[in-house]
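Take the sequence shown: its position 55, counting from 1, is numbered 55 in the working numbering, and each next residue is one higher. The structure under discussion appears below in the form of structure tokens.
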Amino acid sequence: MSQPVRIAVVALFVALLGATFVLYQKYQQTSANYATLQATEAEAQNRYTQSINAIAEIQDSLGAIAFGHGGTLNPAELQGETHLTQTQGNEILGRIAVLKAGIDRAKTRISDLEAGMKKSGVRIVGMQRMVDGLKRSVVEKEELVASLTSRVTELQTQVTGLQTTVAQDQTVIAEQTQAIEDKRREIGTVYYLIGNRKDLTTSGVVASTGGVLGLGKTLKPSGEVNETLFTPIDTDQQTVIQIPAAKVQVLSAQPVGSYELLTVGNQTELRIKDPSAFRKVKHVVILTT
């Protein structure tokens, strides 16, 4: 083989070897790119699946926040309420707080989901629509919670006003009742004074009248009354006056048929038979002998 031919063969061999090497490198690069593409696709699919699962979980949590029809609260029924006790109001506000906490958790999860989708580059129109639907659901439930809270506050304010009115009415009734009782006691009360001739005349409650030359005088109430000397008695509650003497005489002008005197041992009982008639004379003067 001539020298030029050998050189040509060697050159061809080298060229083939170089081409083979280049093709091998391209094959390796293509294989690596394919593997990377598969991994990226798997990762994207995984992120998509995670996003779908997160959306489903948020939908479930929002669905659990029930209003009426066996749920936690019924806004329509509450709007129709006109009476709400303090205890009921506190219970409902507590349940509303639970609902609000659930809504706040859903909002946080939606925010985290959107941040994760943005970071991972997941941009699917259908998925974004689902997220927007979750946001609308959250807004609707927030509006319901706000409406419920406002209604409960309104009812509690009404209850407070009613309680104030009732308390005022009770105060007025108590005052009127007390005024009636005071008037009854005033009407039913008489004042009595028990004493012998000397005590009664010395005090000025009675005076001697009539008679000739100091003889045959009788004792009669003078009309002068010293309230501190008399003892009150409510004839609606008590109808007996105990007199520590066997012989007594009623000097005041009580109607005779309105009372009776009964001797009990060495004492006398004045028993009031007709309180209404007896108390026509308010100050009763009783003479003991």
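Every residue gets a Cβ at the ideal spot worked out from N, C-alpha and C, and that includes glycine.
Item to check | Straight-line gap, Ala115 to Asn90 (C-alpha atoms, nearest Å) | outcome: Position 115 of the sequence shown, counting from 1, holds the residue named residue 115. Position 90 of the sequence shown, counting from 1, holds the residue named residue 90. It is roughly 37 Å from the alpha-carbon of Ala115 to the alpha-carbon of Asn90.
Item to check | Option nearest Pro221 by Cα separation, candidates Thr209, Arg109, Ile241 and Leu93 | outcome: Position 221 of the sequence shown, counting from 1, holds the residue named residue 221. Nearest C-alpha to Pro221: Thr209.
Next on the checklist: Can you give me the C-alpha to C-alpha distance between Gly94 and Met117, rounded to a whole angstrom?
Outcome noted: For this step, residue 94 is matched to residue 94 along the sequence shown. For this step, residue 117 is matched to residue 117 along the sequence shown. About 35 Å.
Checklist entry - Among residues of its own chain, excluding the 5 on either side of Ala97, which ones have a beta-carbon nearer than 7 Å to its beta-carbon? => result Translated into the one-based positions of the sequence shown, residue 97 becomes position 97. Residues of the same chain with their beta carbon placed closer than 7 Å to that of Ala97 are lacking, with the five preceding and five following residues left out of the count.
Checklist entry - From Leu219, Lys217, Gly223 and Gly133, pick the residue whose C-alpha is nearest to that of His283; which is it? => result As a position in the sequence shown, residue 283 is number 283, starting the count at 1. Of Leu219, Lys217, Gly223 and Gly133, the smallest CA-CA separation from His283 is found for Gly223.
Item to check | Contained beta strand (DSSP E) runs [length at least 3] in the region 221-261, N- to C-terminal order | outcome: Runs of the beta strand (DSSP E) inside the region 221-261: 231-234, 240-243 and 248-250.
Checklist entry - By a C-beta neighbour count over all protein chains shown, 10 Å radius and 16 as the cutoff for buried, is Leu162 buried or exposed? => result Counting from one through the sequence shown, the residue named residue 162 turns up at place 162. An exposed status is given to Leu162, since fewer than 16 other beta-carbon atoms sit within 10 Å of its beta-carbon.
Item to check | Start and end residues, alpha helix (DSSP H) containing Thr289 | outcome: As a position in the sequence shown, residue 289 is number 289, starting the count at 1. Taken as a continuous stretch (DSSP letters only), Thr289 belongs to no alpha helix (DSSP H), as it is neither H nor E.
Item to check | Euclidean distance between Cα positions of Leu155 and Glu181 | outcome: In the sequence shown, residue 155 corresponds to position 155, counting from 1. In the sequence shown, residue 181 corresponds to position 181, counting from 1. If you draw a straight line from the Cα of Leu155 to the Cα of Glu181, it is about 38 Å long.
Item to check | Own chain partners of Val145 with C-beta closer than 8 Å, once the 5 adjacent residues on each side are dropped | outcome: For the purposes of this step, residue 145 is identified with residue 145 of the sequence shown, where counting begins at 1. The beta carbon of Val145 lies closer than 8 Å to those of Ile96, Leu99, Lys100 and Ile103 in the same chain, with the five residues before and after it left out.
Checklist entry - Whose CA, out of Pro232, Lys107 and Val205, lies closest to the CA of Lys141? => result Position 141 of the sequence shown holds residue 141. Looking from the CA of Lys141, the closest CA among Pro232, Lys107 and Val205 belongs to Lys107.
Checklist entry - Which one of Ser252, Ala253 and Ile243 has the shortest CA to CA distance from Leu261? => result Residue 261 sits at position 261 when you count from the first residue of the sequence shown. Answer by Cα proximity: Ile243.
Item to check | Backbone secondary structure at Arg279 - three-state DSSP | outcome: Indexing the sequence shown from 1 puts residue 279 at position 279. Coil, per DSSP.
Checklist entry - DSSP puts Thr209 in a beta bridge; with which residues? => result Within the sequence shown, numbered from 1, the residue matching residue 209 stands at position 209. Note: Thr209 sits in a beta bridge opposite Thr218.
Item to check | Beta-carbon contacts of Ile92 that lie in its chain and below 6 Å, excluding the five residues immediately before and after | outcome: Taking the first residue of the sequence shown as 1, we reach residue 92 at position 92. Only Val152 meet the Cβ criterion.
Checklist entry - Based on Cα-Cα distance, which residue from Leu113, Val281, Ile173 and Thr263 lies nearest to Leu251? => result Working through the sequence shown from its first residue, we reach residue 251 at position 251. That would be Val281, whose Cα lies nearest to the Cα of Leu251.
Item to check | Inter-residue Cα distance where the pair is Gln168 and Thr157 | outcome: Here residue 168 is taken as the residue at index 168 of the sequence shown, counted from 1. Here residue 157 is taken as the residue at index 157 of the sequence shown, counted from 1. Going from the Cα of Gln168 to the Cα of Thr157 covers about 17 Å.
Checklist entry - Looking at Ile233 and Thr189, is the spacing between their C-beta atoms short of 8 Å? => result Counting from 1 along the sequence shown, the entry for residue 189 is found at position 189. Counting from 1 along the sequence shown, the entry for residue 233 is found at position 233. Yes, they are a contact pair.
Next on the checklist: Taking DSSP's pairing of strands, which residues face Leu292 in a bridge?
Outcome noted: Since the first and last residues shown for the chain are 1 and 289, residue 292 lies out of range.
Checklist entry - Can you list, in chain order, the residues of its chain whose CB lies under 6 Å from that of Pro255, leaving out five sequence neighbours each side? => result Against the sequence shown, residue 255 aligns to sequence position 255. Excluding residues within five positions, the ones whose Cβ falls inside 6 Å are Ala277.
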